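One structure is given below, encoded as structure tokens.
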Amino acid sequence: MEQTGSFGKTNLLEGVIWKQQLRFFFPILFGIFFQQLYNTADALIVGQFVGKEALACVIGSPNTLTTLIIGFFNGLSMGAMVEVSHYFGARDFDRLNRSVYTVFVLSAVGAVIISALFCFFMPTILTIMHTPADLMDGSLLYLYIYFGCIIFSFLYNSGSAILRAIGDSRRPMLYLIVCCLLNIGLDILFVAVLHWGIAGAAFATILSQAISALLVIRIVFFHIEELHLKIRNIRADMRILRNMLRLGLPAGFQSVMYDVANMTIMTAINGLGVDTVAAYGAIGKIDALFWMVNNAFGTTVATFVGIHYGAGKIERLKKGVKQCLILSLIAAAFVSCILLFGCWHFIYAFVSDETVANIGQNMVFHLVPFYFVFEFVEIRVSALRAEGDVIVPACIVFLTTCVLRIIWISVLMAGGDYNCIQVIMCYPVSWILSAIVFSIYFGPRQNKILKALEGTK
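Each number in our numbering corresponds to the 1-based position in the sequence shown with 305 added.
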């Protein structure tokens with residue numbers, strides 16, 4: 306692999322585009338895979354050693370809430386990654402250093418605020434989501450522990466975003482592999498051996514995230530040759546912070562739009578009983594395989610576009626977006642086949658209840674054939690965001706996902722008689738609508754942005 310500078314960095318500005326993208330993509334994919342294994346290990350071990358009620362407490366409403374907050378912060382981090390990648394591509398190392406300081410200040414302050422707010426309002430939120438009474442105490446226990454220590458997740462994700470923005474996708478992956486294995490070991494110790502139940506699963510996740518955060522911070526501050534950072538100089542640059550928020554907040558709210566809609570869907574699922582909640586949660590862990598691939602391609606194209614935008618390499622940028630879309634469609638087809646043919650075995654890995662497995666399998670058959678459609682959304686949204694266009698894409702997502710799904714679920718629940726398939730079909734319908742709108746918007750908008758960039762060079 307071509308590398309520049311320190312270990313693990315891929316030179317995205319040179320070489321065969323699709324090959325360099327894949328070299329950058331696979332470490333991101335494996336990193337996301339092992340990050341997902343944090344909660345998946347919790348679910349597997351809790352489901353097998355404690356029971357389906359405890360499983361629903363880990364992967365039901367709590368999973369929806371933690372996904373919402375981490376998704377929002379990752380969207381916010383995307384703004385930071387775009388800013389860092391622009392400075393790196395332009396070789397502006399002074400602003401690069403200041404942007405890194407600003408990212409970590411934003412992470413720490415944001416974690417404290419979110420932790421305080423969610424711990425205070427957690428019972429109300431779970432009540433609004435119609436969390437079943439027999440799952441309320443266990444869900445609250447898991448969420449209090451998780452949100453009380455969410456700063457570790459924020460710091461890790463910020464440090465990883467910085468490393469990826471300068472072309473290093475390997476080290477975040479390596480640290481996640483180590484810490485995921487640690488998480489599995491702690492899950493076995495706390496849940497299977499010490500019988501701490503739901504609390505044990507939460508503590509195992511938090512301790513593992515803390516170690517991954519420390520490892521990434523150590524690399525960013527002391528082992529990146531383009532960065533000359535000192536702990537005592539950490540402070541936010543307000544101009545850079547405003548740019549990050551301008552780019553990141555729409556991306557964060559876009560993620561929240563998805564998750565608010567998913568919370569509405571979770572509310573409808575909760576109304577169908579514990580078996581459906583457990584099946585829906587298990588399917589969420591299974592189809593995470595596709596979303597890991599999808600998110601990895603989104604990060605790849607965003608980094609590729611951001612660096613080339615900063616360097617002013619417009620033609621290579623355009624080619625890179627097209628080639629990444631083709632790669633993502635091939636990958637979506639491959640993952641869909643795996644999930645369709647292996648879903649029964651995957652579900653039984655989480656829970657041995659046949660009723661739950663049958664419900665989950667039915668959901669898979671109605672969702673998976675439509676996965677490829679979303680790649681037309683993910684790649685284009687990520688490319689536009691890296692070019693600085695964030696408001697209109699966020700509005701499109703709001704209308705075609707959040708609003709549509711909420712209306713869909715509201716109509717179903719108002720009727721009072723619905724099933725899980727009627728609920729989840731709002732997913733493919735919203736994907737198709739989003740893909741159509743972005744197919745119309747993307748080409749003209751990107752050409753306008755890149756012509757403006759050419760005029761500044």
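Don't be surprised by glycine CBs; every beta carbon is placed ideally from N, CA and C. Since we're looking at a predicted model, the values are computed, not measured.
In the DSSP annotation of this structure, the continuous segment of the alpha helix (DSSP H) that includes valine 686 starts and ends at 680-691. Rounded to whole angstroms, the separation of the alpha carbons of serine 382 and isoleucine 545 is 13 Å. About 5 Å separates the Cβ atoms of phenylalanine 452 and cysteine 424, confirming a contact at the 8 Å cut-off. Judged by pairs of C-beta atoms under 8 Å, the stretch 348-359 touches the stretch 486-504, as three or more such pairs exist.
Between the C-alpha atoms of isoleucine 745 and valine 405 there is a straight-line separation of about 36 Å.
Cβ atoms of glycine 365 and glycine 586 come within 8 Å of each other, at about 5 Å. Scanning the stretch 341-425 for uninterrupted alpha helix (DSSP H) segments of 4 residues or longer gives 357-364, 366-394, listed from N- to C-terminal end.
For tryptophan 596, the uninterrupted alpha helix (DSSP H) segment begins and ends at 593-616. Contact check for leucine 481 against glutamine 340 passes: the beta carbons are separated by less than 8 Å. In terms of Cβ geometry, valine 695 and proline 555 form a close pair [threshold 8 Å]. Here DSSP, grouped into helix, strand and coil, assigns aspartate 580 to helix.
When DSSP states are grouped into helix, strand and coil, aspartate 442 belongs to the helix group. Excluding sequence positions up to five before and after threonine 572, its CB lies within less than 6 Å of the CB of Met434, His435, all in the same chain and listed in chain order.
Separation of glycine 693 and glutamate 683 (C-alpha to C-alpha, rounded to the nearest whole angstrom) is 16 Å.
For the 8 Å CB-CB criterion, leucine 487 and isoleucine 524 do not form a contact.
Linking leucine 479 to alanine 416 through their CA atoms gives a straight-line distance of about 24 Å. Ranked by how close their Cα comes to the Cα of leucine 360, the residues Ile664, Cys725, Val656 have Val656 in first place.
DSSP, reduced to helix, strand and coil, places aspartate 473 within a strand of the structure shown.
A contact is defined here as three or more CB-CB pairs under 8 Å, and the stretch 371-381 fails this definition with respect to the stretch 515-523. By alpha-carbon distance to aspartate 592, the top candidate from Cys642, Ala616, His528 is Cys642. The stretch 654-674 and the stretch 726-733 touch, with no fewer than 3 CB-CB distances between them shorter than 8 Å. Here the alpha carbons of alanine 616 and alanine 395 stand approximately 5 Å from one another.
Under the three-state reduction of DSSP output, threonine 436 falls in the coil class, being neither helix nor strand. At the C-beta level, alanine 509 and leucine 491 come within 8 Å of one another. For the set Ala699, Cys484, Ala541, the Cα lying nearest the Cα of isoleucine 516 is the one of Cys484. When the beta-carbon positions are compared, leucine 644 and leucine 594 come within less than 8 Å of each other. In this model, threonine 608 and proline 477 are separated by some 15 Å (Cα to Cα). One alpha carbon belongs to glutamate 530, the other to isoleucine 539, and they sit about 18 Å apart. Counted as a single uninterrupted DSSP element, the alpha helix (DSSP H) harbouring proline 698 occupies residues 696-702. For cysteine 648, the three-state secondary structure derived from DSSP is helix. Between the C-alpha atoms of valine 414 and asparagine 724 there is a straight-line separation of about 42 Å. Arginine 328 carries a helical assignment under DSSP once its states are collapsed to helix, strand and coil. Excluding five sequence positions before and after leucine 758, none of the CB atoms of its chain fall closer than 6 Å to its own CB.
The stretch 328-337 and the stretch 550-565 do not touch, with fewer than three beta-carbon pairs separated by less than 8 Å.
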